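Asker:
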Amino acid sequence: MNGTQRETLARMAAAFSLKELRQTHLEAGAGWPSGDGEPEAEVEQDLNIVVQTARQPSSPKSEFASIFRFDFAVRSRVDPQAVFVRVKYHVIAVYSMVDGADFTDDEIQLYSQTNGMVHVWPYLRAFIQSSCAQLGIPVVTLPPFRIGQTLDKPWQRQAASKEM
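Okay, structure coming up:
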């Protein structure tokens with residue numbers, strides 16, 4: 000992230016407020032395709048993130064929505080098709096802007112990918128942890144999200160222990 004983007008994000012943080020957070024899809028499942036019990040092979044975590052922004056024509060120009068789709072999996076390193084845990088989490092964050100604020104669609108997308116991620120990341124982490132606990136499997140903990148990280152690192156294809 001360059002200095003200009005940092006300045007833009009600082010202005011946007013002062014101009015935007017989180018109005019609503021809606022969880023739209025929650026799904027979790029576990030299975031050991033290789034037989035009974037937990038996997039013996041080493042596993043790895045995989046997190047796919049899609050972030051989109053949208054403005055509805057019927058909404059005021061001072062509002063926009065950030066749509067987040069997270070698809071998390073724990074798979075065998077030996078056989079990537081063997082998925083032991085899958086969690087899908089979709090959420091919409093609705094933001095309002097102060098009067099007179101005017102930002103481009105690209106700037107709003109940047110805000111969603113940084114500050115917006117900071118807003119929704121704790122809910123994703125909590126959902127993954129509680130889903131693992133409710134499924135009776137070892138709890139997976141994602142690292143904290145920090146502004147400036149890219150959406151595909153460091154958690155995508157991050158190695159995990161066999162205990163997950």
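Going by numbering that gives the first Met the number 0, the sequence shown opens with residue 0, and the numbers climb by one from there. Where a beta carbon is used, it is the ideal one built from N, C-alpha and C, also for glycine. None of these values were measured; they are calculated from a predicted model.
(1) Please name the residue or residues paired with Q108 in a DSSP beta bridge.
(2) On the premise that Y94 lies in contact with L8, defined as a C-beta separation below 8 Å, what is that separation, rounded to the nearest angstrom?
(3) On the CB-based measure, 16 or more other CB atoms within 10 Å of its CB, does A64 come out buried or exposed?
(4) Take G28 as the anchor and find which of Q44, K87, I146 has the nearest alpha-carbon.
(5) Can you grab the Cα-Cα spacing for the pair E19 / H89, in whole Å?
(6) Between which residues of its own chain and A53 is the CB-CB distance below 6 Å, once the five residues before and five after are set aside?
(7) Need the endpoints of the alpha helix (DSSP H) that Q4 sits in, please.
(8) If we call anything under 8 Å between Cβ atoms a contact, is V49 one with V73?
Answerer: According to the data block:
(1) Answer is none; Q108 lacks a bridge partner.
(2) Not really, about 13 Å apart at Cβ, beyond 8 Å.
(3) buried
(4) K87
(5) 14 Å
(6) A64
(7) 2-14
(8) no
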